[in-house]
Amino acid sequence: MKYLRQFCIILLVSFLGEMLHSLIPLPVPASVYGLVLMLTALCTGILKQEQVGAAADFLIEIMPVMFIPAAVGLLDAWPVLKPVCLPVILITLITTVIVMAVTGQVTQRMILRRPRKKMQRLPKPPKQNS
Numbered sequence: 000m001k002y003l004r005q006f007c008i009i010l011l012v013s014f015l016g017e018m019l020h021s022l023i024p025l026p027v028p029a030s031v032y033g034l035v036l037m038l039t040a041l042c043t044g045i046l047k048q049e050q051v052g053a054a055a056d057f058l059i060e061i062m063p064v065m066f067i068p069a070a071v072g073l074l075d076a077w078p079v080l081k082p083v084c085l086p087v088i089l090i091t092l093i094t095t096v097i098v099m100a101v102t103g104q105v106t107q108r109m110i111l112r113r114p115r116k117k118m119q120r121l122p123k124p125p126k127q128n129s
């Protein structure tokens, strides 16, 4: 019964995301609205993690199974995808490298901007005579 209640809460938040998607004329997927609603509810305390945690863990555990229909659909559409396969792979590789480089640069700059705490100096180890 616990899982059913938690799953219904998750479905309700997803439904509210769908409602927002139909009301707000922005090109934002309904699932993003639902995720923002869930995050807001969890951060404000409207929902507690215990109220949805077990069902969310279960959904995450079975997530790989959810990709099987999409993979079968891709295999079924292979004749259509074959001509654009190389450009898509190249674009994916190039953008992945760009995202990694930008993320690394931003992380390094954030680390350098953070005020450093004074670190205690450790005593130097004694020199060993040979």
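Counting from 0, one number per residue, gives the positions in the sequence shown under numbering that gives the first Met the number 0.
All C-beta atoms, glycine included, are put in the ideal place defined by N, C-alpha and C.
This one's a predicted model, so the numbers in the text were calculated from it and none came from an experiment.
For L41 and L80, I'd like the C-alpha separation in whole angstroms.
As a first step, residue 41 is located in the sequence shown; it is residue number 42 there, counting from the start. As a first step, residue 80 is located in the sequence shown; it is residue number 81 there, counting from the start. Cα-Cα distance, rounded: 41 Å.
Backbone CA spacing between V31 and K123 [nearest angstrom]:
Sequence index remark: in the sequence shown, residue 31 carries index 32 (1-based). Sequence index remark: in the sequence shown, residue 123 carries index 124 (1-based). Between V31 and K123, the C-alpha separation is close to 54 Å.
Expressed to the nearest angstrom, what Euclidean distance is found between the alpha-carbon atoms of V96 and C84?
Here residue 96 refers to the residue found at position 97 when the sequence shown is read from its first residue. Here residue 84 refers to the residue found at position 85 when the sequence shown is read from its first residue. Between the alpha carbons of V96 and C84 lies a gap of roughly 19 Å.
So, with DSSP's three-state summary, where would you put M109?
For this step, residue 109 is matched to residue 110 along the sequence shown. Reduced to three states, the DSSP call for M109 is helix.
Could you tell me the distance, in whole angstroms, from the CA atom of A69 to the CA atom of M0?
What you label residue 69 is simply residue 70 of the sequence shown in a count that begins at 1. What you label residue 0 is simply residue 1 of the sequence shown in a count that begins at 1. Their Cα atoms are separated by approximately 31 Å.
Which residue wins for smallest C-alpha separation from C7, given the options A55, I45, P26 and I23?
As a first step, residue 7 is located in the sequence shown; it is residue number 8 there, counting from the start. Nearest of A55, I45, P26 and I23 to C7, Cα basis: A55.
Beta-carbon contacts of W77 that lie in its chain and below 6 Å, excluding the five residues immediately before and after:
Residue 77 sits at position 78 when you count from the first residue of the sequence shown. Scanning its chain for C-beta atoms nearer than 6 Å, with the 5 sequence neighbours on each side dropped, one finds no residue around W77.
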